[in-house]
Amino acid sequence: MNVKKIARGDQPVRRVDDEPGLQWAASAGRAYIGAVAALAGYVVVAVTIGAGFERDLVAAAEREGVAVNALASSTQAEITHDHPVYALITGLLLFVSPVFLALAAGRIRTGAPGRLAQLAWWSALATLVVWWTYVALGLGLFADPENLPPLVRDFDALTVPLVSALSLLALGSMVFAAEALRGHGVVRRAARATTVVSLLLGVVSLVGLVATGFEDPVAPIVIVPGGLILGIALLRAQRPARTG
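Put into structure tokens, the structure is as follows:
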């Protein structure tokens with residue numbers, strides 16, 4: 015018998031992920047994977063059927079002597095009309111990711127409650143609002159290029175701030191969620207890795223934003239590494255430990 019352990023009153027650490035009923039963790043993991051999959055689908059569509067759309071954007075930006083993201087809204091609308099299927103598919107795909115992020119944050123708020131989980135939840139909701147606003151404005155480019163609705167006319171000026179804001183909000187939600195999980199003893203190593211990777215990507219992206227003179231936004235793709243790490247770890251958390 016180990017007298018020192020008795021003297022210290024050592025007991026096995028009660029970890030949340032050693033207990034039954036981790037359905038919420040699996041649900042959160044699936045949601046994070048869903049958010050990543052939607053972004054991956056967007057990238058695949060962009061480099062395949064969207065190649066012509068991107069070429070037209072670049073060519074128009076060169077003619078106007080501006081960055082692609084600063085291309086006049088009316089010009090972007092004309093290009094959108096030339097590639098309606100691509101614009102519609104990517105718009106719908108972009109609607110999906112923030113929904114999954116909000117679902118993941120909601121599950122974590124239930125399973126690992128606390129201040130950090132609340133911050134993750136509200137950050138995810140803010141991400142949803144900003145993200146959907148941006149996508150809705152983008153879909154507004156289907157209107158008459160010569161008579162665009164209010165705000166859609168300013169899509170060129172709003173793109174960089176809106177995309178950067180939604181990306182950083184999503185990244186913040188993921189960091190808060192990871193730290194909430196770590197505080198509850200759930201997937202601690204993966205949660206810490208998610209925090210470190212996400213913060214590094216956030217800093218690098220902000221440096222890039224400033225270095226380009228705010229011409230290129232912080233892209234939502236920054237959440238992919240952390241989403242994969244945390245999503246896979248949460249899915250594995252529900253598996254029973256091996257014995258013997």
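Residue numbers for the sequence shown follow the working numbering, beginning at 15 and rising by one. Note that CB positions come from ideal geometry on N, CA and C, so glycine has one too.
Assigned exposure category for residue i - 16 Cβ within 10 Å defines buried
i      : result
Leu107 : buried
Gly79  : exposed
Glu160 : exposed
Gly66  : exposed
Leu185 : buried
Pro98  : exposed
6 Å Cβ shell around residue i - same chain, five flanking residues per side excluded
i      : result
Arg123 : Ala131 and Trp135
Leu145 : Per the sequence shown, the amino acid found at residue 145 is Trp instead of Leu. Same-chain partners within the cutoff: Pro112 and Leu180.
Leu155 : Gln90, Ala91 and Thr94
Ala21  : Confidence at Ala21 is low in this model, with a pLDDT of 42, below 50, so its placement is unreliable and no value can be given for it.
Phe228 : Val174
Neighbourhood of residue i by C-beta distance below 7 Å, restricted to the same chain and skipping five residues each side
i      : result
Leu53  : Ser111, Pro234, Ile235 and Val238
Leu242 : Val50
Ala204 : Ile243, Leu244 and Ala247
Phe190 : Leu130, Leu133, Ala134 and Ser137
Leu151 : Leu165, Val166, Phe169 and Leu172
Ser178 : Leu223, Pro231 and Val232
Boundaries (first-last residue) of the alpha helix (DSSP H) holding residue i
i      : result
Gly120 : Pro98 to Gly125
Ile246 : Val238 to Ala251
Phe169 : Phe169 to Gly197
Ile47  : Gln37 to Val61
Phe67  : Ala65 to Glu78
Gly152 : Arg129 to Leu153
Gly216 : Arg202 to Ala225
Beta-carbon proximity list for residue i, same chain, < 8 Å, skipping 5 on both sides
i      : result
Gly197 : Ala126, Gly128 and Leu130
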